[in-house]
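Protein chains in written order, with the numbering used here: chain A, 1 to 538; chain B, 539 to 778.
Idealized CB from N, CA, C, for every residue including glycine.
The structure under discussion appears below in the form of structure tokens.
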């Protein structure tokens, strides 16, 4: 059903813009397009335009989640979408600053960043486009009428922070920038400034009073216009505000400012049912960065709690991400990063880990974990590097000497981490000796450890001190760690027994069996029906 | 009235005589937090104010971690604000943060420093002191600290350190030997000071040992039983 321009026309159930099985046909069309754009793409653009203008959020969501990705896969695997001018012609949109065009340009640049290499001009243009988009939301006197799906809002904020990150990394590779680009950078001095990026995100959070709203939610109150303000009652503002909080969390972590990062999430409870859960990618990002901030300030119990929870969630919902590979890649990467950090955190703060998580850690990092337990210091570096995010410095000059030294921002954070490693050095050995006894005199322990008695006393206090910090705010956790107290020259150690956890093991095996069954059934079915499966139609 | 006395390197003895330090601190704190709302915390013009604020804190024994961290943030975001005397301010911030142990302010500060700031000699010494404290090597800590001017001239430093030490002793001990405890507490001005500390912490002196607190429940034998949250089990219960 081709587009006839009649807005009363209902969208067919099976979206016509899905590539059909003769999509390998050449890309010329007979439509009145100014570019050689394939017909399904034209249809997609026209319908998208229609739905955005008509504010039909349900259809916009479908097109965004499914159509955009599939068409990108099929038609634009290694080239950009049609230029914004061409799209203006296709959709007959007169105003090139209309919200549809701004949104289209956002998609256009996002695709370039994801599949191709953006040029410096792309970076600048994309930045201007973001400014337009956020000005549209922020500068309005009244709340805007448009509604957008949550996933799209999250992706906008996420991509915004990502493009800033990409720009800083680009600038820091001073050797690879040619002269022409250097001149451009010098002239166009306003783009992607860290203060501007922060400013936008902060304004988005303030516009809808998101902190006040979160406090009210914490207390169990309902959100009224008094609390949320005129703008905050509209979901587009509240959700953008909330996602901006997570965006700020991420940005502050990348800049090494864990204090501000944790202030951002002060009022967010990381439970399944809150605003975060609306967009899985957001939940994963939020948990990762929050856990990382706690990790860097040594509150390992919080990190472990968050990561366990989210890793379990990711395992259970794995199948939903499989069909969108660019997201699946990102998610797998976060999964691995969290495992690496968990491996370190559980050495410093032994807590009971779920069986599924334990298995994953063993699979990924078995060799490293053994080295950790044997007190090998170099493996901390490796694990930290695989687990940490790509740090940034707020100011990167174009000249090759940056004020942050050749080690870069990542090196700086590594140094902070290494002090902790150094301070924890004697603790695992101490722990392993204490585990063997229920009581032991200090003199005997000193002989085993080959240290002076006073050194041992200090070590025992350090153990207690570190443990207290690591506990953080995680109240009810099953700890695998020993506990002890000292009575003059005698140490008394606790005796914790762990009952065998059968349940976990059974759950794992049942899930595995279900998966195998599914695979067998689908394999059997596909053997009997020789249909050319159209991509995407399940 | 402005009274300038002999200059102390770290703010001690320089400055105005303040009639009511508490009130002034409150006033500065309010102003600081007002300036730090939203993005205006990055306004470089307020840097002078924040610097005065921390010097006030050092001189009169107050603390505002948020504002001090903000100075480091300003240095990070606008490196052109860094002058030759900035490193002194950084040191003040670090030592003040260290005095907050067991609270983790020091790590927050440390994560915001540039390589140059880290490589400075005095920063390295402060780092070493931090490690001594975090690994609870208190006798060694007192040795090192009496030689370093920045600590010995910092108002309230000894008291803060002793607070931390007592906190750790409280965590660890049921009964601690009196001699060892005295060693941990560093240079005391006399027996009376020792008894004051005991009283402050509700510890009892019993001959040659000090009773800190009952700890037996810490080492009761526990058995950890398995708990299965519902969301782990729900995927299994679904039909098909």
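- Around residue 517 (chain A), the same chain offers no residue with a beta carbon nearer than 6 Å, after the five sequence neighbours per side are excluded.
- For residue 484 (chain A), the nearest beta carbon of chain B is closer than 9 Å to its own beta carbon.
- With fewer than three CB-CB distances shorter than 8 Å, the stretch 167-180 of chain A does not count as touching the stretch 229-239 of chain A.
- Distance from residue 136 (chain A) to residue 100 (chain A) at the Cβ level is roughly 11 Å; contact not present, criterion being Cβ atoms closer than 8 Å.
- Proximity of the stretch 150-168 of chain A to the stretch 106-120 of chain A meets the contact definition, three or more beta-carbon pairs being nearer than 8 Å.
- In the displayed model, residue 346 (chain A) falls within a helix according to three-state DSSP.
- Positions of the alpha helix (DSSP H) runs, each at least 4 residues long and wholly inside the stretch 433-470 of chain A, are given as 442-449 in order along the chain.
- Bridge pairing for residue 743 (chain B): B:748 [DSSP].
- Under the Cβ distance rule, residue 637 (chain B) does not count among the residues neighbouring chain A, no pair being separated by less than 9 Å.
- Taking one beta carbon from each stretch, the stretch 326-340 of chain A and the stretch 484-493 of chain A have fewer than 3 pairs nearer than 8 Å; the two do not touch.
- Ranking B:636, B:740, B:750 and B:700 by CA distance to the CA of residue 713 (chain B) puts B:750 first.
- Proximity of residue 623 (chain B) to chain A, defined by a Cβ-Cβ separation below 9 Å, is not satisfied.
- Given a length threshold of 3 residues, each whole run of the beta strand (DSSP E) inside the stretch 699-746 of chain B is given here in chain order: 711-715 and 742-744.
- Nearest to residue 38 (chain A) by alpha-carbon distance, out of A:147, A:82 and A:370, is A:82.
- Counting the other Cβ atoms within 10 Å of the Cβ of residue 651 (chain B) gives 16 or more, which makes it buried.
- Taking a cut-off of 8 Å on C-beta distances, the stretch 434-444 of chain A does not touch the stretch 611-625 of chain B, as fewer than three cross pairs fall below it.
- Think of a sphere of 7 Å around the beta carbon of residue 503 (chain A): the chain B residues whose beta carbon falls inside it are 764 and 766, in chain order.
- Looking at the DSSP output, residue 689 (chain B) bridges to nothing.
- When Cβ-Cβ separations below 9 Å define contact, residue 725 (chain B) makes no contact with chain A.
- By the criterion of a C-beta distance shorter than 6 Å, residue 63 (chain A) is surrounded in its chain by 48, once the five residues flanking it on both sides are discounted.
- Burial check for residue 522 (chain A): the Cβ neighbour count within 10 Å stays below 16, so the residue is exposed.
- Ranked by how close their Cα comes to the Cα of residue 186 (chain A), the residues A:312, A:124 and A:245 have A:124 in first place.
- Residue 303 (chain A) places its beta carbon 9 Å or farther from that of residue 250 (chain A).
- Look at residue 522 (chain A): its C-beta is not under 9 Å from any C-beta on chain B.
- When Cβ-Cβ separations below 9 Å define contact, residue 194 (chain A) makes contact with chain B.
- Partner residues in the beta bridge of residue 491 (chain A), as assigned by DSSP, are A:440 and A:486.
- The criterion of a C-beta distance shorter than 9 Å is not satisfied by residue 482 (chain A) and residue 425 (chain A).
- Identification of residues in the stretch 98-110 of chain A having a C-beta nearer than 9 Å to some C-beta of chain B yields an empty set.
- Only residues of its own chain outside the window of five on either side were considered, and among them 124 have a CB closer than 7 Å to the CB of residue 188 (chain A), listed in chain order.
- Residue 93 (chain A) and residue 190 (chain A) have their alpha carbons spaced roughly 29 Å apart.
- Distances from the CA of residue 765 (chain B) to each of A:381, A:163, A:154 and A:355 were compared; the closest alpha carbon is that of A:355.
- For residue 410 (chain A), the enclosing alpha helix (DSSP H) stretches over residues 408-423.
- Per DSSP, reduced to three states, the secondary structure at residue 396 (chain A) is coil, with no helix or strand assignment.
- Of the residues A:79, A:78, A:371 and A:44, the one whose Cα lies closest to the Cα of residue 65 (chain A) is A:44.
- Interface annotation, residue 496 (chain A): in contact with chain B, CB-CB separation under 9 Å.
- Fewer than three beta-carbon pairs drawn from the stretch 701-708 of chain B and the stretch 680-691 of chain B are found closer than 8 Å, and the two stretches are therefore not classed as touching.
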